[in-house]
Structure formats: C-alpha cells, structure tokens
C-alpha cells in the first residue's frame, strides 16, 4: 500500500506544482498582493496558490506517511468501467439534447412544415421528447449494464421512472424546465 | 421586546401560521404540515440505498420555491420541510448503512463499520432500533442545548472574534476536517486543497474570472450544487454501480442476508449503551457548535471515544469495534445526530455550515431572501421587532416538532424501511442518477451544469477508489469563497499586515491549534499504522 500512496502523492505533488507555477501565473490576472489606490490588497493569485500549497503539502505528507489503511487501489479495470459509464452518459445526454431538434428536422424533411424546436420546447409532447429518450436510455442501459443484458423489465422501469419524474417536476410547475429545454 | 416575546412569536409563527388543513377542528399550519412531509420524505430518502438527505433537499428546493415564492412568508414552510428532511434523513441514513454497507449520508459512514457486520450476523432489525434510539436521543439533546445556548454563544463568538480571528477559525476548521476525516492526513489535505481550488475557479475580484481558461462556461465558476451533488452523490452512485456490476459478474447474483434471532432492543440493552450515547451526544453537540466542523467529524470522534471506552469494558467474546459491536452504532449515531441541532449555531450566527444539509438551509435563505444568517439574527433591537430572530425561534420550534415526530412515529417508519433491502439497488441507482442530474438542471437550466456535476462525480469516484474522503473537498468548496473574503477583509482592516493571522492572541492560538492538529494527527495515525 505504501507504493500506491507514493504514486498518489507524487501525482498530486506534480498537480500542485503545475497549478502554482503554470496555471496561476498564466490564468490569473492579478498577483498575490495588489496595490490599489495606495492600499495594499490581497490579489486573485494568492488563494489558488495556497490551495495548491495544501495539495503539495498533502502530497508530500502522503509520500512520507506510512498509514494507509486501505485496501483501496485504482486499477485499469476501474478506468475501463469509468470509460464505459461515461460513454453511456455521453450518449444519453446527447440524445437528451438533440432528440427534439432532430425530430423537428426529420418532420420537416417528410412534411411541408417548417418546424423549429425552440418555439415548441414549452409544449407537450415536444418538451418531453429529449428527456424521455435520453433519460430513458440512461436508466435502461445502466440497469442492463449490471444485469448483463438489455431486458424489457429495464426498459419498462425506465419508462415508468421518466413518467414519474415528469409528473414531479413538470406537470405541477410552469416555471421549471426539464433538460434540455433551458438550452435549446 | 424581550427574549421570551421572541420565543412566543416564533412559536406562533409555526403553530398559528397560515392554515393548511383542519384536523378535528384544530387548524394545522402549513409549516407544521411541511415539517411532517419533510420528515417522512427524509426518513424514506435516508433509508433508501443510494439516496441521501442533501440530495432530497437539492431536489426539493426548486420545487418548494416554485410553490411558496420568493417572499419572507415562504421561509418557515420551506425551512420546515428542509429541517424535516434533515432530521428524517439523519435517522434514516442508518438504514442503508446497516443493511447495505452504503452510508446514505456521509456522516453515517461510521455506522457501516459495526452496523453492516451486525446485519451480516442476522441482527439488522436490532441494529436499526439501536441506531434510531441513539440518533433521536443525541438529536434531542443537541436541540435542547441549541435553544438554551445558541443566542448566548452566537453573541459571545461575535463579540470576541474579529476578522483575523474568523479567518484563523476557518483555517482551524479546515485543518480539523483534513486531519480527522479519513485515515490519512495527507489525503485529507489533498481533498481539501482540491475543494479550495475548485471554489476559486471563475471567481476573484479582477474583471477576468481566474482559472477559467478564457471560456464562458468556467467564467461563472462551478455552481455549488454541481460540486456538492457531484462529489457526494454522483461519485457514490458511480462507485456503487461498479461494485454491483462486479458482484453480479463474480457471483451471478447480488447477495441478500437472511435475518434471524432476537431483534428487540431491551431495557437492559438501553442501559448498556446509554454511556456511549451520552458521551457521543455531548461530543456531537460540541463539535456541531464549531463552525465548519460537521457531523462526520463528530461521528468519528464519538466512535473513537466509544471504542476507547469499549476496549476497557468489553468481555473476551464480545466483537471488536468494526466487527459488529452494537456500541459502535450507538456511539456513531448519537454523535452524528447530535450535530444537526448544534450545527445551526454557526449557520445562524456566522453563516458557516458544518455539513451538507446545513448548506441547503443557507442556500434556501439566500434564494428566498428576508433572512440573512449572520450576527444580525440574534440581535435584539431597542425598538421594533427583529423578524430574523422570530424566524430563528420558528426554526427552533420546527426542530422540536420534528423531534416529537421522531420519538413518536419515527421509529416505526424507520423500522418499516427495512423493506428497502428488497429494492434492487441496481434499479434504484440509475433512477437516482437521473433524478439528481434533473434537479441540477432544474436549478441551473444549462446542460453544462450537468456536465460539471458528472465531472465532479468522476472526481468523487476516483477519491473513493483511492481511499480519499470527499467531505473535506465539499466543505472546502463551500467555505473557500468565505475564507478568501474574510482574509481579504482582515488584511485590509489590519492595514495590509502580512502577519494579520498571528498578531492577535486568539488568532495566533487558532493557527497554532491548526498546525498542532495536523502534526498530532499525522504522527498519531503513523504510529497506529505501525
């Protein structure tokens, strides 16, 4: 476990140094202390540099500490899972964001209408399209991930959950916007 | 007007406020009804694996504000609901901790250490009863202390702490949190440093929002809900789904333990556990009264003190702490629950939260307006009425009402939540994930907030995987801005004195204590590991 701690400690030492020596000098406009109207003030660089100093100190302490506890270690398997998980989320949120505009675009292709999603985003069923498909995909695919297969049960649960969420957030309140209707 | 007039006004505001419905001819005020609904929600949420009180508060807040509006009359009903959730979730948080080894709330983490092993031995119901009794005892004790001491303590704290002392007090709080939470001071400091760093993105006094890489998305900084819910809730969901995935792959099924044996909590049990509950209630109340130091630290200290006492008294055949000792549950639950009352002292007097639940109370106050947590709350003007003080006593009243509910029906509701073990966690967690993301969106109405939350969720996941507690991150994130502002003001007020933290004796002592707690804990933990 000592070796794991040394690696984690080293990573955070590098992170801290990068923040203090690269990020703060290049992405903060004022220095550690600033003189403004003949009065000395704390500049914007001081706080993030101190935060980096805490990380640096923690990293060094971790390298020296022999504690640790833990049976917890990161493995490549964790990263593979994380990647898969994030891909599911990425696809779900993309579906959520683009289903409404995509459906209006498709309808425009096949009909003589000239629909735009934006004026429709506060009307049923348009306002629920993205949330229904994107959210439904998210729930169904994560249940299926654990189950090891896509099942009707997973899809049914996701549909019921989505309807329940629409009932809680959307039906009683006119001023609450379900995703993605605040953006599109 | 004197103190007793304010207490009376506070009681009237709660009990005689706008009527919600009438029960046997007795009008029930909207605030009481909201406490009741919040309490039920809190127990259900706290008892449900993967759900947590702060998350329910986050989900409920935009809905409550939509219902009650942005005016001072909305304060008590909304606070009532949030306090109900806080109380209910605190007691309910022990359910997933005991049944699933999943702390529904961060402060219930220590409950898992003995609660889960006890459940594995087939004593889940007994563990739940003990957790409820300990939790409600600690909670009630701290509320009594709160109503007796809060106004006086707040005035004392305010009188003796100037800007440099407040800055050093915050630093001391951070040092405590980083040192005591988790099993490594180094990891605690890193977690805290990361929280501070995240808090400083897109903020600052210059026109250019610092650390924003010139992007519009980062220029507004990270919304509090994205960081808090991301690291605390989403991180846990990411990890839990992976654990379930691997468990299913390895075993082909998710294990459920059959319960057996005597599940009752007898009078003899209560007498046996009372010293642990009493000690932890005092620890939790003292810790809760310290600004920025929350229930997780209280649970840790209560657990540690209980373990020390237990080692002296235990029989050879009794299980050790961490192996299913009921005393471990009693010590932890009494400590973390007794924080919630005392925690309102720094929240109300200084605006500093000690735990995630308190954060949402502050968010509610800031969102609605008409109530500014700070020294003004406890001031009694020579003429006129301080409406904030009336609201403060109204808040105390709602807490006592929630306690009464907890003593009378809370135990039955909590025990009935044992049925939650039958809800497949792998079905619930994805729903909770979407619910959390939706709540974030509803509040922020921009997709990037969801992405930020997912980013923080990844951070929370990685932290858990390397054994780093996410709580120092969250508290540092919440208090980072306040720390910088107070330091700026203190620096200016002392005429640009670089050593402003060391010039006053109180501030110097706080700084010395901050250093001492880091050094002592680092050495102590090193010795423990050797």
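Chains as they are written, first to last, in the working numbering: chain H, -19 to 164; chain E, 4 to 533. By construction, the Cβ of each residue, glycine as well, lies at the ideal position given by its N, Cα and C atoms.
Only residues of its own chain outside the window of five on either side were considered, and among them 511 and 514 have a CB closer than 7 Å to the CB of residue 505 of chain E, listed in chain order. For residue 22 of chain H, the CB contacts under 7 Å within the same chain, skipping 5 residues up- and downstream, are 13 in chain order. Contact between the stretch 240 to 251 of chain E and the stretch 124 to 137 of chain H is present: three or more C-beta pairs spanning the two stretches fall below 8 Å.
Residue range 29 to 32 is occupied by the beta strand (DSSP E) that includes residue 30 of chain E.
Among the residues facing chain H, residue 453 of chain E is included, as its CB has a counterpart in that chain under 8 Å away. In terms of CA proximity to residue 115 of chain H, E/442 leads the group E/247, E/442, E/487 and E/501. Chain E places a beta carbon closer than 8 Å to that of residue 7 of chain H, counting this residue as a contact.
At a cut-off of 8 Å, the C-beta of residue -11 of chain H has a neighbouring C-beta in chain E. A direct Cα-to-Cα measurement between residue 306 of chain E and residue 75 of chain H gives close to 47 Å. Of the other Cβ atoms in all chains shown, fewer than 16 fall within 10 Å of the Cβ of residue 104 of chain H; this residue is therefore exposed.
Nearest C-alpha to residue 51 of chain E among E/77, E/100 and E/87: E/100. Chain order gives the chain E residues near residue 77 of chain H as 450, where near means a beta carbon separation below 7 Å.
Using beta-carbon distances, residue 162 of chain H counts as an interface residue toward chain E, with a partner under 8 Å.
Taking 8 Å as the cut-off, the beta carbon of residue 145 of chain E is found closer than this to the beta carbon of residue 342 of chain E.
Within the stretch -18 to 43 of chain H, the complete alpha helix (DSSP H) segments at least 4 residues long are -18 to -2 and 4 to 7, listed from N- to C-terminus.
Residue 22 of chain E is classed as exposed because its beta carbon has fewer than 16 other beta carbons within 10 Å across all chains shown. Between residue 159 of chain H and chain E, the shortest Cβ-Cβ separation is below 8 Å.
As DSSP reads the structure, residue 87 of chain H sits in no beta bridge. Under the Cβ distance rule, residue 59 of chain E does not count among the residues neighbouring chain H, no pair being separated by less than 8 Å. Proximity of the stretch 224 to 239 of chain E to the stretch 54 to 64 of chain H falls short of the contact definition, fewer than three beta-carbon pairs being nearer than 8 Å.
CA-to-CA, the gap between residue 316 of chain E and residue 338 of chain E works out to about 20 Å. Between residue 95 of chain E and residue 402 of chain E a beta carbon distance of about 17 Å is seen, past the 8 Å cut, so the two are scored as non-contacting.
Contact check for residue 525 of chain E and residue 45 of chain H: beta-carbon distance about 7 Å, within the 8 Å limit, so the pair qualifies. Contact between residue 37 of chain E and residue 65 of chain E does not hold, since the beta-carbon distance rounds to 16 Å and is not under 8 Å.
Three or more Cβ pairs drawn from the stretch -13 to -6 of chain H and the stretch 36 to 43 of chain H lie within less than 8 Å of each other, which places the two stretches in contact. As a beta-bridge residue in DSSP terms, residue 22 of chain E pairs with E/32. Residue 194 of chain E sits in a helix when the DSSP states are folded into three classes. It is roughly 12 Å from the alpha-carbon of residue 390 of chain E to the alpha-carbon of residue 8 of chain E. Residue contact check for residue 526 of chain E against chain H: no CB pair falls below 8 Å.
Taken through DSSP and simplified to helix, strand or coil, residue 429 of chain E comes out as helix. Shown here for residue 398 of chain E: same chain residues with a beta carbon closer than 6 Å to its own, the five before and five after excluded, namely 82 in chain order. Within chain E, the residues whose beta carbon sits less than 7 Å from that of residue 10 of chain H are 209, listed in sequence order. The C-beta separation of residue 28 of chain H from residue -7 of chain H comes to about 17 Å, leaving the pair out of contact by the 8 Å criterion.
Counting of Cβ neighbours within 10 angstroms places residue 97 of chain H among the buried residues, the total reaching 16 or more. In this structure, residue 159 of chain H and residue 111 of chain H form a Cβ contact; the two beta carbons are roughly 6 Å apart against a cut-off of 8 Å.
If you draw a straight line from the Cα of residue 454 of chain E to the Cα of residue 100 of chain H, it comes to about 25 Å.
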